[in-house]
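Numbering (the working numbering), first residue to last: 214 to 633.
Glycine included, C-beta positions come from ideal geometry on N, C-alpha and C.
All figures in this text were calculated on a predicted structure; none of them were measured in a lab.
Single-structure report; data block below.
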Ligand code: HAM
């Protein structure tokens, strides 16, 4: 074959697309209930936006961005995530002036040049939300409950919510020193990524996936011992509220997340048994980002889920999502005259909101009825020369096989009544 989709990207074909539509519908309904409004931002932005928000020495920025120069020589990047673009849009459009609390959501493709594997693509879809304005731990919990509600509606069960606090710049300064001390004698034996991260941003070492390095990491100092009173209190409150709502969680003291903008509480929702890429959704608080990107001093918290991974988990749990469903009427015709008449009939029926299919190059009646079966039609209309001259159609009930003759003038009423 001449052309193929690019490695790390894939087509979402009709059977699958209906599952995607369902997940998107569920998400939109939940966002609606929580009062979140949709924002659509461009797929590419200036590169600096992502460098400044995600962090210069994160994997995303150093290795994974699709960056290119446009015809005027400006450096642009396909968005690797949604938060940076949303915050840019909030600042640019003064959204925070019109709303004391901005509750925003988005869905769409993101791009990261990662090594493709199960659950990890170069083009993948996220559904996410950002809550900008409040710093109350109750707002962290709103984001977490929204994620939980979404997974509950989809019927996912084997989920674990992992929680940590990544502190603020004050607690992190002390924590970084303690990490540097701890890794001082080990860093030469660790992977090249860790060695690069050590002098610049030793907390990123905690994100390393190398087995040998993990053995050290799991003995390293924990940020929980370095939190300032403010961050400690915020984290205690988030946990208290989650307990109050009876939402289970596990603490993961080494969770740092792959993006630098986080402050205070951060979380990941993992699905047990999905393999290496088992994080379905993740997020947390980021109180500095709006200001760092030139906006006012507004705290914020948010999350994003990966649609491919969520659907993988749905498949694993053998959950049947509603598909695009049945066809109401399949119109089978015999001869050119009947085909012409069917164009008018089909249009009228579709105007009545019925789902109607037909064959543009009809062959035998048998072949057309097979198609009616394939598309799960409730009724087949059969129009041949005889029916045409009598201005009537044979209506075949595809479930029972029973047939009736209905005049054209009554078809609409008959089918609307029987298809509803
Ligand atoms: P993230 O953890 O980088 O966070 O991505 C969120 C989710 O996107 C992941 O948990 C995963 O399900 C999915 N995902 C990420 N990379 C890939 C990939 N290569 N292939 C398939 N799925 C992937 C963020 O992006 C933050 N913006 C979340 C956030 C919003 N934090 C605050 N607000």
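Straight-line measurement puts the Cα of residue 368 at about 21 Å from the Cα of residue 463. Uninterrupted beta strand (DSSP E) stretches at least 3 residues long and entirely within the segment 482 to 513 occur at 492 to 498, given in chain order. Membership of residue 235 in the alpha helix (DSSP H) is indicated by the continuous run 227 to 247.
Runs of beta strand (DSSP E) with 3 or more residues, each lying fully within the segment 328 to 385, are found at 336 to 345, 372 to 378, listed in chain order. In this structure, the CA atom of residue 349 is about 31 Å from the CA atom of residue 485.
Nearest to residue 430 by C-alpha distance, out of 453, 382, 395, is 395.
Judged by DSSP secondary structure, residue 619 falls within the beta strand (DSSP E) whose first and last residues are 616 to 620. Comparing alpha carbon positions, the residue from 502, 519, 364 closest to residue 511 is 502. Residue pairing for residue 610: DSSP places it in a beta bridge opposite 592. Taking the Cα of residue 591 as reference, the smallest distance to any Cα among 576, 568, 601, 506 is reached at 568. Closest by C-alpha distance to residue 536, out of 482, 229, 495, 376, is 229.
Here the distance from the Cβ of residue 222 to the nearest heavy atom of the ligand HAM is not below 8 Å. Taking 8 Å as the cut-off, the C-beta of residue 323 counts as close to a heavy atom of the ligand HAM. Under DSSP, residue 605 takes part in a beta bridge, and its partners are 620. The closest heavy atom of the ligand HAM lies 8 Å or more from the beta carbon of residue 489.
Between the ligand HAM and residue 240, a heavy atom-to-CB distance of less than 8 Å is absent. Secondary structure of residue 547 (DSSP, three-state): coil.
For residue 517, the Cβ falls inside the 8 Å cut-off from some heavy atom of the ligand HAM. One thing to note: residue 303 has its Cβ no nearer than 9 Å to the Cβ of residue 357.
One Cα belongs to residue 549, the other to residue 606, and the distance between them is close to 15 Å. At least 9 Å separates the beta-carbon of residue 278 from that of residue 375. Check the Cα spacing between residue 491 and each of 372, 600, 280, 621: the tightest is with 372.
A Cβ-Cβ distance of about 3 Å is found for the pair residue 497 and residue 479, placing them in contact under the 8 Å criterion. CA-to-CA, the gap between residue 445 and residue 477 works out to about 8 Å. Taking 8 Å as the cut-off, one finds no heavy atom of the ligand HAM near enough to the beta carbon of residue 302. Annotation for residue 263 indicates a beta carbon at 8 Å or more from all heavy atoms of the ligand HAM. In the structure shown, the three-state DSSP call for residue 454 is helix.
Pairing residue 448 with residue 515, the inter-Cα distance amounts to about 16 Å. The beta carbon of residue 248 is closer than 6 Å to those of 316 in its chain, skipping five residues each way along the sequence. In terms of Cβ geometry, residue 297 and residue 262 form a close pair [threshold 9 Å]. Closest by C-alpha distance to residue 572, out of 565, 566, 563, 582, is 582.
Counting only residues of its own chain and dropping the five nearest sequence neighbours on each side, residue 618 has a CB closer than 7 Å to the CB of 605, 607. Fewer than three pairs of CB atoms, one per stretch, sit closer than 8 Å, so the segment 521 to 530 makes no contact with the segment 548 to 564. The alpha carbon of residue 301 has as its nearest neighbour, out of 543, 311, 258, 397, the alpha carbon of 258.
Residue 439 sits in coil when the DSSP states are folded into three classes, being neither helix nor strand. Beta-carbon to beta-carbon, residue 270 and residue 417 are separated by about 6 Å, close enough to satisfy the 8 Å threshold.
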